[in-house]
Every structure is written in structure tokens, then in C-alpha cells.
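Enquirer:
Residue numbers (the working numbering), protein chains in the order written: chain Z, 10 to 384; chain H, 532 to 585.
This is how it looks when you write it as C-alpha cells:
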């Protein structure tokens, strides 16, 4: 039976899609009015990230896996392109407006390197990095959905122990600044791109147009993130904050942690989630991915994968490790690799090398842990 | 079971998180910062993955 806008008891796709867009716009407007315009814009930026990542099927873990398994460099080259564009915009602005705008700058240290390596392993096990896990959960991927709460708990725990880990030894922060920083970073990006191109299989030496579009969109959104929030795009801090808030609600005492008992942390745990920039973009990423999955024909009608028990156990452990290790590493693919390199921090480059090495191991662990399904 | 169920669960978890947080802390739009950090004259103070406590 068919009536106006309703077919077989379901809304006509045009109405459903129109409703989804309207809901997204209303949500952004509600946050802008009830919390503040800056916060509404940050939610809109997050939605943009989610739409771009899921809509263009772009991410970080998948392209690294493609390079490792099939010597397909397209995704990594798109990452380097996006990072290069952000670098040209961000570094001169940070130099000119110091204080108002800050980079994703962090020191290189033992725990940082080990954390990035473990993150690389774990992200290949669940096939989702920081933004990837949010996108996967929002689009109904059950592995992403199960990993996400443990990611948040891991981020909270990693931040709890962060000072102990950094005390193991770290260099002073090394940052490339201003136009000199732009030149150094672009030369290094060019060097890596050349290396990746040389290592690529000849039949894969091209970049699909959707990856170029995705790189341009992600770069534009990352620059908007910096100009509006005053800080680069990040993911992991927000997830740890969600867990810290949850722990506080159930009566946990955070005063035993040097990180969570610091005055600025206490204030952020007490404040609304809707005034935390990384929380807003994280929420937006999930909603944007949900919107695309709902919009796309058959996006939500896929059957869930039949995974063995050991795969779910691996998902829980890897989810926790993603969160814990990324706090030690001062970020994930987004906060350390993408934002770290594009705002001139040496730790972003070290993170890239260590996490890629971890990914080589993670790609091999994935089938062993049953993540490819029942054999 | 399809992804419709898991996507709905993700959305429900997210909504629950935000609503529960609103019960604990209400944001005040009158204390909102300027729209853009750049040009605001204010020092950036948001939480970030790379930041250590002062």
C-alpha cells in the first residue's frame, strides 16, 4: 500500500533524506543558539568531517592497509596532500596569531614512540583509527560500535597515567614554525610522497578523484577548525573526557591523577560536553557518518558480520589500547599525524613512522584474531 | 540483524551521553566566546590530545 510519501510502511527516500538534512541543520542551529555560535560551528565542522570521510569512503587505517598489502599508495598520497594544504595555511597563521591559535605540538619521547606503535597495531586490528572508529560506529559497523566505549575508557586511563609515562624520558618539543616551517614540512612531505610512489606497484600509481576531493574537503575543514576553535582537529582528548565525565558521575575520585586533577582538567570535566571542541567534532563525525549511511542506498541494510568470539575479545582489547596508546603518543592519526605534522610538530613525523611500523604488524594480526570473519 | 540496529544503537548512545551531560551541567550561551578564535584576542584554552597539564 502506498500513500503520500509513504511506501510499504517506510518513508519515501526523498522525505527520509530531506528529514535527515533538516535534523542536522536544526541540531547545529540549536547548539548555536543554546550554547554559542562557535560551538554550533564546531558541530557543523564535525558533521562535515563525517560526511566527507564516510561519503567519500576516505580514512586513515584503510589506505595504510592498502599500501602495506597491495602497495597501493593512493590514500597515503591523499593524506600527504591534505596535510600539505593545511600546513601552508596553518603555520603562517599560528606564527602571526600566537596565543589565539596553537598547533598540535608535543615532545618526542619513549612512551610517545611506543604509544604510536601500539596504536598502529590496534588500528589495523579493528580497521579504524580515531576518526575511523567514530565513522564506523556512526555508520553501524558493529566492530566500531563495540570498540568506541573501550577507546574512550582507554583514553581516560592513558591520560591518568600520562605524566608517569612522559617521565620515562622525552626530548624538548621540536617545532617547525612560520614560512621556514612550511618549507621544511613541504620538503619532507614531498620526500615521503616520492618514496611512497617509488614503492607503489606500477598498476596502482594513480589517485582516484574522490580521494583528491576528500583531501581538499578535509583540509578545508581542518583549517576552519583551527580558525574557529584556535586549536587543530583532534579526536582522542574528547573521548577521554567522555569517560572522565562518566567516571565522575558514578562517584570516581579523579584527584589521584596528576592529569585529571590539574585545574584545567577539573574545569573541563565539570563543564558541558557541548563546549569541548573535540567532543563537538567527534559527535559531528558520528552524526555525519550516520547521515551518509542512512542516505546511501543499502547503507544500513547490510547484514552484520559473523565474527568468532576471539574477534570480539580482540575488538575490546584493541579499542582500549587505541585510547590508552594515543594518549601516550599525544594523539591519533588525526591529532598527531594529521594535525601534528601540519602544525609543524616533529612528534607528528615520529608518530607516522612508529604507527606505520605498528600497522605492518597489525595487518598480519587481523586474520589471526578472526577479524576477517569465520574461515 | 542489519546495520540499521547498530547504527540506531550508536545514535542512542550518543544521544544518551549528551542528554545525561545536560542534566549534570547546563551550558550558558551568554558566556560563549567570540565566533572565531582568530582575531578574538583570547588565548586558546581548549583541551587537546597533545597538551600536558600546566
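Backbone N, C-alpha and C fix where the C-beta goes; we use that ideal spot for every residue, glycine too.
Between residue 550 (chain H) and chain Z, is there a C-beta pair that is closer than 8 Å?
Expert: Taking Cβ atoms only, chain Z never reaches closer than 8 Å to residue 550 (chain H), which makes this a no.
Enquirer: What span of residues does the alpha helix (DSSP H) with residue 254 (chain Z) cover, start to end?
Expert: Note, residue 254 (chain Z): alpha helix (DSSP H), 245-258.
Enquirer: Should residue 352 (chain Z) be labelled buried (16 or more other beta-carbon atoms within 10 Å of its own) or exposed?
Expert: So residue 352 (chain Z) ends up on the buried side.
Enquirer: Where do the N-terminal and C-terminal ends of the alpha helix (DSSP H) with residue 107 (chain Z) fall, by residue?
Expert: Element bounds for residue 107 (chain Z): n/a, residue is neither H nor E.
Enquirer: Going by alpha carbons, who is nearest to residue 144 (chain Z) out of H:557, H:572 and H:541?
Expert: Answer by Cα proximity: H:541.
Enquirer: Apart from the five residues just before and just after residue 146 (chain Z), which ones in its own chain have a Cβ nearer than 7 Å to its Cβ?
Expert: Excluding positions up to five away in sequence, the list reads 153, 154, 157 and 295.
Enquirer: Contact criterion: CB-CB distance below 8 Å. Does residue 547 (chain H) meet it with respect to chain Z?
Expert: Residue 547 (chain H) does not count as touching chain Z.
Enquirer: Residues of chain H with CB under 8 Å from residue 285 (chain Z), in chain order?
Expert: Neighbours of residue 285 (chain Z) on chain H, chain order: 577 and 578.
Enquirer: Quick one: is residue 20 (chain Z) buried, meaning 16 or more other Cβ sit within 10 Å of its Cβ, or exposed?
Expert: Its Cβ having fewer than 16 others within 10 Å, residue 20 (chain Z) is exposed.
Enquirer: From this set, Z:230, Z:267, Z:124 and Z:38, which residue's C-alpha is nearest residue 583 (chain H)'s C-alpha?
Expert: Looking at the Cα atoms, Z:267 is the closest of the given residues.
Enquirer: Under the assumption that residue 51 (chain Z) contacts residue 286 (chain Z) (Cβ atoms under 8 Å), give the Cβ distance between them as a whole number of angstroms.
Expert: Correct: roughly 5 Å between the Cβ atoms.
Enquirer: Between Z:69, Z:181 and Z:103, which has its C-alpha nearest residue 91 (chain Z)'s C-alpha?
Expert: Taking only the C-alpha atoms, the option nearest residue 91 (chain Z) is Z:69.
Enquirer: Do three or more CB pairs link the region 306-322 of chain Z to the region 205-214 of chain Z at distances below 8 Å?
Expert: With a cut-off of 8 Å, the region 205-214 of chain Z and the region 306-322 of chain Z do not count as touching, because too few Cβ pairs lie within range.
Enquirer: So with Cβ pairs under 8 Å, would you call residue 388 (chain Z) a contact of chain H?
Expert: The requested residue 388 (chain Z) does not occur in the structure, where chain Z is confined to residues 10 to 384.
Enquirer: Give me the chain Z residues within the contact set of residue 543 (chain H), using Cβ-Cβ distance strictly less than 7 Å, ordered along the chain.
Expert: Those within 7 Å of residue 543 (chain H) in chain Z number zero; the least Cβ separation is about 11 Å.
Enquirer: Just the C-alpha distance for residue 576 (chain H) and residue 109 (chain Z), rounded to the nearest angstrom, thanks.
Expert: Straight-line Cα distance between these residues: approximately 9 Å.
Enquirer: How many Å lie between residue 370 (chain Z) and residue 130 (chain Z) at the Cα?
Expert: Straight-line Cα distance between these residues: approximately 6 Å.
Enquirer: Take residue 205 (chain Z) and list the residues in its own chain whose beta-carbon comes closer than 6 Å to its own, dropping the five residues that flank it on each side.
Expert: Correct list, in chain order: 82 and 85.
Enquirer: Kindly indicate if chain H contains any beta-carbon less than 8 Å away from that of residue 243 (chain Z).
Expert: Taking Cβ atoms only, chain H reaches closer than 8 Å to residue 243 (chain Z), which makes this a yes.
Enquirer: In angstroms with no decimal places, state the Cα-to-Cα distance between residue 11 (chain Z) and residue 24 (chain Z).
Expert: At residue 11 (chain Z) the pLDDT is 48, less than 50, meaning the model places this residue with poor confidence; the figure from the coordinates comes in the next sentence. Each residue's Cα considered, the two are about 14 Å apart.
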